Each structure stands twice: as C-alpha cells, then as structure tokens.
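At position 138 of the sequence shown the residue is numbered 379 (the working numbering), and the sequence of numbers has no breaks. Even for Gly, the Cβ is constructed at its ideal location relative to N, Cα and C. Keep in mind it's a predicted model, so treat the numbers as computed, not measured. See structure below.
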Amino acid sequence: MKKIKTDVLIVGAGPVGLFAVFELGQLGIKSCVVDCLDEIGGQCIALYPEKPIYDIPAYPEIKAEELIINLKNQIKPFRPNFFLNQKVEKISEEIGSFNITTSKNNIINAKCILIAAGNGSFGPNRPPIENIEKFENKSIFYHIKKKSMFENKIIAIAGGGDSAVDWALELLSTAKKIFFIHRREKLRAAPSNVKKLRKLVGQKLELVIPFQLDSIIGENGVIDKLILKDLDDKKKKIEIDYFLPFFGLSTELGPIKEWELQMEKNILKVDQSTCKTSTEGIYAIGDICTYPGKLKLILTGFSEAAIAAHDCFKRVFPNKVLHFEYSTTKGVAGLK
Ligand SMILES: Cc1cc2nc3c(=O)[nH]c(=O)nc-3n(C[C@H](O)[C@H](O)[C@H](O)COP(=O)(O)OP(=O)(O)OC[C@H]3O[C@@H](n4cnc5c(N)ncnc54)[C@H](O)[C@@H]3O)c2cc1C
Numbered sequence: 242m243k244k245i246k247t248d249v250l251i252v253g254a255g256p257v258g259l260f261a262v263f264e265l266g267q268l269g270i271k272s273c274v275v276d277c278l279d280e281i282g283g284q285c286i287a288l289y290p291e292k293p294i295y296d297i298p299a300y301p302e303i304k305a306e307e308l309i310i311n312l313k314n315q316i317k318p319f320r321p322n323f324f325l326n327q328k329v330e331k332i333s334e335e336i337g338s339f340n341i342t343t344s345k346n347n348i349i350n351a352k353c354i355l356i357a358a359g360n361g362s363f364g365p366n367r368p369p370i371e372n373i374e375k376f377e378n379k380s381i382f383y384h385i386k387k388k389s390m391f392e393n394k395i396i397a398i399a400g401g402g403d404s405a406v407d408w409a410l411e412l413l414s415t416a417k418k419i420f421f422i423h424r425r426e427k428l429r430a431a432p433s434n435v436k437k438l439r440k441l442v443g444q445k446l447e448l449v450i451p452f453q454l455d456s457i458i459g460e461n462g463v464i465d466k467l468i469l470k471d472l473d474d475k476k477k478k479i480e481i482d483y484f485l486p487f488f489g490l491s492t493e494l495g496p497i498k499e500w501e502l503q504m505e506k507n508i509l510k511v512d513q514s515t516c517k518t519s520t521e522g523i524y525a526i527g528d529i530c531t532y533p534g535k536l537k538l539i540l541t542g543f544s545e546a547a548i549a550a551h552d553c554f555k556r557v558f559p560n561k562v563l564h565f566e567y568s569t570t571k572g573v574a575g576l577k
C-alpha cells in the first residue's frame with residue numbers, strides 16, 4: 242500500500258489521460274495516473290496498436306502505438322507517477338481534496354480528479370467454448386499486437402463486425418489461409434469492406450458461413466483443430482494455427498457509476514466550457530464525457546484535456562492568477 246499526495250489524479254492512461262498530464266504540467270500542476278490495464282495507451286494500445294490513424298492534426302498518418310510513444314515522450318518532463326493494473330474504487334471528499342483508493346489499496350490524495358476512463362474498463366467478449374482460457378494468448382487472440390506473427394499461418398477469424406472483416410482484409414496478403422466464420426449470411430461490417438472481402442474469396446480465403454463455434458482440439462495451449470457446427474448441428478473440423486474471435490468488447494464503468502455524478506446513457510455529463518462534472522473538483526474528458534455536439538475522437542479529447550487543465554488551476558492554486566501563455570512563449574514547463 243502506498244499513500245501519495247498530488248494535485249490532480251487522472252483516471253485512465255489512454256491518449257486523452259496522457260495528454261492531460263502534459264496540459265496540467267504546463268500549468269505547473271502535478272498529476273498521477275491510474276489505469277486498470279497493465280500497459281499505458283488505452284484503446285490505442287489494447288485494441289489497435291498497428292492501425293494507422295488519419296485524423297490526428299499535422300500527422301497525415303500515424304500508427305496508434307506511435308501516437309502513444311509520442312505522448313509518452315511529450316509527458317516525460319513532468320515525470321508522472323503511474324499506478325497500473327488497478328482500478329480506482331472508492332472516493333471520499335475532504336475539505337478541498339479527495340482521497341481515492343485503488344483496487345490495490347493505494348490511497349491518493351488529490352485536489353481534483355480528471356476522469357479520462359474511455360468506455361470504462363474493458364475486456365473481450367469470449368466465445369462460449371469450454372477450456373478456451375487454456376489457449377488464450379498462445380493460439381487465441383482477441384486483439385492483434387504484431388501482425389507479423391500471422392505470416393504464413395492458417396488463421397480462423399470469427400465475427401461479423403468491422404474488426405473481423407478489417408483484420409481478415411489486413412492479414413490476407415501475408416497469411417497462408419484464412420477461414421472466415423460467421424453464424425449468419427449477413428455481415429454487420431462496413432458494406433464497402435464486406436464487398437471487398439466477398440470478392441477475395443478463393444484459395445486463400447474461405448467463408449465458413451453460416452457456422453457456429455463448437456469446441457477446440459489441442460494441447461498445451463496449441464490449437465490443432467477448431468470444430469464448427471452448422472444450423473443442423475452438422476460438424477466441420479478445420480486445422481488452424483491461430484484463432485481470432487472478434488465478438489466485441491464488454492465494457493464496464495464499474496465503481497465510477499457509484500460516485501453519484503450526473504450521467505447520460507452511461508457517460509458523464511460535463512459542462513463543455515470547463516469539462517466539470519456535476520461534482521465540484523471532478524472533471525471528465527475524452528470518450529467518457531458528453532455534452533451537446535460531442536464527438537468521440539482523440540482530437541476532441543486533447544482539446545478537452547486543455548480546457549479541464551485550465552479550470553483545475555483555479556482549484557489547485559486558488560490564490561494565483563492564471564496568465565494564458567502559448568507554449569511558444571513559455572516552452573515546456575517541466576524542462577526549466
Ligand atoms: C478500432 C478503433 C479505431 C479507432 N480509430 C480512431 C481514429 O481513427 N481516430 C480517432 O480519433 N479515434 C479513433 N478511435 C477512438 C479512439 O481510440 C478513442 O476516442 C480514444 O481512445 C479515447 O481516448 P480516452 O483516453 O478517452 O479513452 P481510452 O483510450 O478508452 O482509455 C481509457 C483508459 O481508462 C482505463 N480505465 C477505465 N476505467 C477505469 C477505472 N475505473 N480505473 C482505472 N482505469 C480505468 C482503461 O483501462 C483505459 O486504458 C478508434 C477506436 C477503435 C476501437
């Protein structure tokens with residue numbers, strides 16, 4: 242157990258939480274960050290590290306993992322404390338500050354809380370197959386970190402949404418063969434990509450539709466065969482090296498829901514001009530917050546981080562006046 246004191250506690254080490262460290266740091270505000278994952282980067286690292294993003298200003302194209310590396314470099318001067326692998330659980334309010342307890346019993350005292358928790362803590366929806374956990378992260382992956390491991394391999398991809406279709410298209414050029422499994426004829430993914438996928442059906446791409454998953458044969462985490470069944474319960478065995486089920490994510494806001502903050506459809510309502518929630522001293526930025534016209538984009542979250550940081554200043558330094566300055570004027574505060 243650790244007890245620490247800081248100015249602002251940031252919940253969530255996704256792109257928006259990371260940029261908040263920078264914006265706060267530029268105003269002389271110390272922060273620390275808690276995340277339930279064991280790695281920094283939120284959705285960018287956990288879900289699509291190798292995908293290029295095209296709408297980050299001034300980067301015509303940048304891979305999600307590169308964006309996170311750049312953000313990590315940008316916040317280095319402020320040396321934030323990271324508490325990973327733990328959720329924020331309880332909060333209690335004192336005069337002018339909060340005590341936040343994490344699931345590892347660390348207690349952080351902060352004057353403000355900045356919630357940048359995205360869609361909450363998330364994990365994959367697992368297919369209902371017996372003993373699936375024995376194969377996870379060995380032959381079964383719910384998200385792809387390194388495309389190169391699938392080169393020249395026989396892969397089964399299951400699901401009917403964008404992730405399943407996008408990854409089938411992405412891996413097809415380097416894989417030995419892809420079996421694309423779905424339980425109904427209609428795929429929910431973007432129509433243009435579904436069309437592309439259907440056009441590519443041939444020796445390297447086989448649609449196994451309508452089929453459902455039945456069981457796995459294999460040993461020591463290594464898949465040998467995947468057993469599928471059709472709507473009449475007729476079985477089909479396919480020999481594969483890897484299985485990639487893409488059945489979406491289950492997300493859970495968890496303890497934040499019990500903090501009695503005003504919400505709309507599981508998202509925190511904020512005042513757009515400050516990013517304040519309904520509780521004084523608690524802010525929400527990034528995918529977790531909403532207001533009229535909100536766009537769930539990284540660039541919107543970056544702007545919200547700047548807005549919230551400027552409002553936090555008043556609570557962290559009640560006796561100081563904030564003089565707005567460009568970074569070109571003041572440089573990077575932490576480097577001085
Ligand atoms: C496949 C895909 C492609 C995308 N492409 C784009 C794109 O091209 N352009 C774009 O702008 N956006 C894109 N997005 C959306 C973008 O990734 C999100 O808008 C962005 O990640 C939101 O950042 P965030 O920091 O608010 O939240 P997140 O990235 O979700 O990070 C939130 C973090 O909070 C943590 N957390 C949650 N609850 C708790 C808790 N109670 N305690 C501790 N930690 C907690 C989570 O573990 C997570 O790490 C894409 C998303 C996906 C899935």
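Relative to the C-alpha of residue i, which candidate in the options has its C-alpha closest?
i    : options                : result
Q453 : E521, Y524, F421       : F421
F391 : I481, Q315, E426, I310 : I481
I548 : T247, I245, V252, E264 : E264
V562 : K243, L268, S389       : L268
A525 : K394, G361, F323       : G361
I251 : K271, K243, D512       : K271
G401 : N378, K331, P432       : P432
K478 : I464, L490, F488       : I464
P496 : F324, T342, E302, K246 : T342
K535 : A550, E521, D512       : D512
I310 : P318, F487, I370, I286 : I286
A409 : R424, S568, K386, K437 : K437
D248 : P533, K328, A550       : A550
L312 : K246, A261, F323, K292 : A261
K417 : V435, S389, R424       : S389
E330 : R367, G522, C277, L448 : C277
P533 : E505, V557, E521       : E505
N378 : D471, K345, G462, P301 : G462
G492 : V275, K244, L288       : In the sequence as displayed, the identity of residue 492 is Thr instead of Gly. Taking only the C-alpha atoms, the option nearest T492 is L288.
S333 : W500, L538, L448, Y567 : W500
D472 : V435, R425, K445, E447 : The amino acid occupying residue 472 in the given sequence is Leu; Asp does not appear at that position. Checked all of V435, R425, K445, E447; the closest Cα to L472 is R425.
Count the other CB atoms, across all protein chains shown, that sit within 10 Å of the CB of residue i; report buried if there are 16 or more and exposed otherwise.
i    : result
D474 : exposed
E579 : The structure shown has nothing for residue 579, since the chain only spans 242 to 577.
F376 : buried
S380 : buried
K352 : buried
G283 : buried
F554 : buried
P298 : exposed
Y483 : buried
I349 : buried
L229 : There is no way to answer for residue 229, as the model of the chain reaches only from 242 to 577.
K517 : buried
F339 : buried
Y383 : buried
H423 : buried
G266 : buried
P442 : In the sequence on display, residue 442 carries Val and not Pro. It counts as exposed.
F565 : exposed
P369 : exposed
Just checking my contact of residue i with residue j at CB under 8 Å: how many whole Å lie between their CB atoms?
i    : j    : result
L502 : S519 : 5 Å
A399 : A405 : 7 Å
N347 : Q327 : 7 Å
P290 : E302 : Actually they are not in contact, since the Cβ atoms of P290 and E302 sit about 15 Å apart, beyond 8 Å.
V257 : G572 : Actually they do not touch by this definition, with Cβ atoms about 23 Å apart.
Using a Cβ-based criterion (distance less than 6 Å to any ligand heavy atom), does residue i qualify as near ligand 2?
i    : result
A550 : As far as ligands go, the structure on display features ligand 1 and does not contain ligand 2.
Mind the definition here: the segment 526-533 touches the segment 355-374 only if three or more C-beta pairs lie below 8 Å; say whether that holds. yes
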